[in-house]
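Notes to accompany the following structure.
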Amino acid sequence: MARPYDPSEIEPTWADRWEAEELYAAGGDDDPRPRFYALDMFPYPSGDLHMGHAEAFALGDAIPRFKTMQGFNVFHPIGWDSFGLPAENAAIRRGIHPKEWTYANIERQARSFKRYGVSFDWRTRLHTSDPEYYRWTQWLFLRLYERGLAYRKLAPANWCPKDQTVLANEQVVGGACERCGTPVVRKDLTQWFFKITDYAQALLDDMSELPGWSDRVLTMQRNWIGRSDGAEVDFEIAETGQNVTVFTTRPDTLWGVTFFVFAPEHPMVEELGRMGGSWDQVRTMRDSLQATPLTAREQAESREGILLGVHAVNPVNGEKVPCFVAPYVLMEYGTGAVMGVPGHDQRDFEFARANGLPVRVVIEPEGETRDPDAMDRAWDHEGVMVNSGLFDGTPSPAGIGDVIRWLESEGKGRAAVSYRLRDWLISRQRYWGCPIPIIHCPSCGEVPVPDDQLPVELPEDVDVSPTGESPLARDEGFVNVTCPECGGDAKRDTDTMDTFVDSSWYYYRYLSPRDDRQPFDSEAVRRWMPVGQYTGGIEHAILHLLYSRFITKVLNDMGMIPFREPFPKLLNQGQVILGGAAMSKSRGNIVEPMPIVEKYGADTVRLTMLFANKPEDDIDWADVSPHGVHDWLGRVWRVVHEAGERQGEDPVELRRLTHRTISRVTDMYERFRFNVIVAQLMSLSNEIRAVLDDGEPARESVTALVLMLAPLAPFIAEELWREALGQEGSVHRARWPAFDPELARQTTVTLVVQVDGKVRDRIEVPTEVSESEAERLARSSTGALRAIGDRRVVRVVARPPRLVNLVTG
RNA sequence: GCCGGGGUGGUGGAAUCGGGAGACACGGCGCCCUCAAAAGGCGCUGGGCGAAAGCCCGUGCGGGUUCGAAUCCCGCCCCCGGCACCA
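Each number in this note's numbering comes from the position in the first sequence (counting from 1) with 80 added on.
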């Protein structure tokens, strides 16, 4: 009788042995196996591992383990995204240094990962907060700077009053700071930006190279980039003859323009307001908007406007319409000025009604007539152009292109594209981040730090309490330098970079993390990349993935890498929630994985996650229980031990089932259907139990069972492989089981007999039963005879060997 | 409003192609083992009718195509994610 299944005994033992043996180290350059780069989104060290990690790394570990068994030379690295605000805030709260807090958490997570048994190649471990890493983040910044892709400008910024820092648009969620939930306000600062907008179209176009991405993530990125097709149209200010351009997606409605609106920040409004006598009012509006948070303004639905006192000339018909200044027009999108078409745009309609402006109908539904005075909202659907000169009668969708071509021929406008995507604001006025390698010299201006002076090291002895300027600005020794160009007194830039810069290139560095001559080894990148499979949370669907795609395109343009997409295949696992809600400290509903690992074992926690549902779906911890899979592992433990002691060949029916299971499970691994794999293995183990109870051997089957289980439950598989089955070497280096197609093939199947489409009988038939034989068997089955009664069969649909449908008259 | 995904038992979920709906589990009920409990094992478990054989209904709702629809088409309803004064 074997000892009972005790994960707390076997798991730590194997974890130590695997580490000592470097079992999961990738093969070297001379390894003949095909290479596979399995990448998990690297963790942020904000404490110990949480439930999300337990799920992510159960999935993210199953893939490289399966690939290794399939004969690939797998590289599965680990590192930490270790700069950033949470570390700094936690450090301030506890009165310790961010570095101390961060690295203590890293060590804690590293220990937990080892206890969880994740198959990392620890040799290439990296931390983005190590100088040997961020030196090359600075190098990357300088390359972008040289290419004009990193620049500084005064910009209205989202400012978190609590964290005392600027936030990217992406970090403002519902008007509040993504990190701490404080409402964001507006502040004008000189900020560093990366010019991701230069790549807006490439980021859209290259989505065709992402076959392994879900529609969900592709849609999120597409929405974020927000391409709109339309036209630029040139209007003229009647009083001055100045040109002013608008962007519109509806050039077919140009004949419906009854007013014209500038954004309050538009550069022309001061001059035009002074001329029209409205400047005092406009300035007041500007000032009040300056004090309003950006997000609050975006959510306002005011239709107030100030009459500027000048007129715009509609280029299609020469009409003069009044110009307004109104906050509903945004300077940041399009050209900062719009044509007002109240008949066909709901916002313009509301503005016209609020300001007593006429509504003109220029698109009508086919065969209908619209009375502008009777309209209670704009008609923004398709229709036929009316009151539009020579375009009358044109269907509006065709009219868009027709009008653009006409505008181009008349020199009054042109086709144009507008994107929602803005440049990436990377400046942070905080301490715990990568210093920006720029020196500001009174005589030379912005001077990049020469490559041979990198890294610009983050000083350690700094007061990190937030005041609104970077803590680095208070460190005289850091700030004061000599200018690398003229040798005069100069000052360092004191901002640090958004941590998304750090994480936009770490997967290149993994291949040569200690290289002190270059950011990454292009040869190694060529050999191993693009990444074979990227795994991580849906919360990174936009930011991290978009930035990584952008940086990859820049590196490609620099000739450093041969591809334009870093992650052709992406798996986004769902969240682990509790009782229908996200786990959070404020709700006090956090379940910690490591105590459950201690109680039931890592294998049980992994299987609980994998068996719950498909990887992309959220797991509600309230719906699942580790008990079930834990008990099953106990049954697996016993059947393998029992079968390991018996001699002889497995009964043929069990062999058939085993080979069929191998065939199915292999396919399911390729498709990440881990929940179905577990179900299949449960069925197989149930059948093995029955065979053993009949006193028959099952060694071949339990061997296959252990191999197929190994990527999902690595500890028990290893123990059973070596101890119960007496195999040489690790199960994790063993070859994936092959199946005999002849055995895997079903020899008999259940023929479903239908009468008029309803199941009336089931018969076991040989797989290769002929159509006529199937029909004969079906017709003579008792169930069919009873159902047919005295009716006549007028038609037979035979799909041997699975189904025969007898259709009666 | 626009874009994307989804809706299957008490619960989590199965069901490559248009061909057995509910695999595998959780939970529940009953039984075996046991002094007892735990652990383990066995059986039943979508709804309705029926003693049973079996019959009827059933994959959000309503239509349609088909010998046959969870799956395809049309029209709705609801849920989730993204974008949104974006012109």
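Quick reminder that beta carbons are idealized off the backbone N, C-alpha and C, glycines included.
| query | Which residues in the same chain as residue 421 place their Cβ atom closer than 6 Å to its Cβ, once the five residues preceding and following it in sequence are excluded? | reply | 333, 336, 337 and 428
| message | Assuming residue 831 and residue 865 are in contact, meaning their beta carbons sit under 8 Å apart, how far apart are those beta carbons, in whole angstroms? | response | Residue 831 to residue 865, Cβ: 15 Å. No contact.
| message | Can you tell me where the beta strand (DSSP E) holding residue 120 begins and where it ends? | response | 115 to 120
| message | Just to confirm, is the Cβ distance from residue 181 to residue 799 under 8 Å? | response | no
| query | Taking buried to mean at least 16 other C-beta atoms within 10 Å of its own C-beta, is residue 670 buried or exposed? | reply | exposed
| request: Could you round the C-beta distance between residue 328 and residue 310 to whole angstroms and report it? I think they count as a contact, below 8 Å. | output: 5 Å
| field | Segments of 3+ residues assigned as beta strand (DSSP E) that fall wholly inside the segment 622 to 687 | value | 650 to 653 and 656 to 658
| request: Taking 8 Å as the threshold, find out whether the segment 571 to 582 comes into contact with the segment 151 to 166 through three or more Cβ pairs. | output: yes
| Counting pairs of beta carbons, one from the segment 808 to 824 and one from the segment 860 to 878, are three or more of them closer than 8 Å? | no
| request: Can you grab the Cα-Cα spacing for the pair residue 215 / residue 84, in whole Å? | output: 52 Å
| Buried versus exposed, by CB contacts within 10 Å (16 or more), residue 838 | exposed
| Comparing alpha-carbon positions, which option in 168, 783 and 742 lies nearest residue 725? | 783
| request: Go through the segment 128 to 171 residue by residue and report every complete run of the beta strand (DSSP E) that reaches 3 residues or more, in order. | output: 153 to 155
| message | My output table needs one value for residue 419: the three-state DSSP class, helix, strand or coil. | response | strand
| request: Locate the beta strand (DSSP E) running through residue 189, then write down its first and last residues. | output: Taken as a continuous stretch (DSSP letters only), residue 189 belongs to no beta strand (DSSP E), being part of the alpha helix (DSSP H) at 178 to 196.
| field | For residue 343, the nearest candidate out of 314, 410, 290 and 581 (CA to CA) | value | 410
| query | Quick one: what does DSSP say residue 347 is sitting in, helix, strand or coil? | reply | coil
| Considering only C-alpha positions, which residue in the set 458, 512, 203 and 584 is nearest to residue 122? | 584
| message | When you compare the segment 544 to 563 with the segment 125 to 138, are there three or more beta-carbon pairs, one atom per stretch, that lie closer than 8 Å? | response | no
| said: Considering just the uninterrupted stretch of the beta strand (DSSP E) at residue 886, what are its terminal residues? | reply: 883 to 888
| Are the CB atoms of residue 230 and residue 272 nearer to each other than 8 Å? | yes
| query | Do three or more CB pairs link the segment 687 to 707 to the segment 653 to 665 at distances below 8 Å? | reply | yes
| field | Residue range of the unbroken beta strand (DSSP E) whose run includes residue 211 | value | It is not in any beta strand (DSSP E) - residue 211 instead sits in the alpha helix (DSSP H) that spans 211 to 226.
| message | Short of 7 Å in beta carbon distance, which residues of its chain neighbour residue 558, apart from the five on each side in sequence? Order them along the chain. | response | 539, 552 and 572
| request: Could you round the C-beta distance between residue 591 and residue 570 to whole angstroms and report it? I think they count as a contact, below 8 Å. | output: Their Cβ separation, rounded to whole angstroms, is 36 Å, which puts residue 591 and residue 570 out of contact at 8 Å.
| task | Just tell me which of 115, 733, 417 and 349 has its CA closest to the CA of residue 151. | result | 115
| Got a sec, what are the start and stop residues for the beta strand (DSSP E) residue 841 sits in? | 838 to 846
| query | Taking contact to mean at least 3 C-beta pairs separated by less than 8 Å, is the segment 103 to 120 in contact with the segment 167 to 176? | reply | no
| message | Quick test of your reading: residue 829 and residue 881, contact by CB under 8 Å. State the CB separation rounded to the nearest angstrom. | response | 5 Å
| message | Considering only the alpha carbon of each residue, which of 184, 108 and 167 lies closest to residue 154? | response | 108
| Between which two residues does the alpha helix (DSSP H) carrying residue 316 extend? | No alpha helix (DSSP H) contains residue 316, which is instead part of the beta strand (DSSP E) from 307 to 317.
| According to DSSP, what are the bridge partners of residue 238? | 247 and 266
| query | If you run the structure through DSSP and keep just helix, strand and coil, what is residue 322? | reply | coil
| message | Check this for me: beta carbons of residue 282 and residue 665, under 8 Å apart or not? | response | no
| query | Does the beta-carbon distance from residue 318 to residue 269 come in below 8 Å? | reply | no
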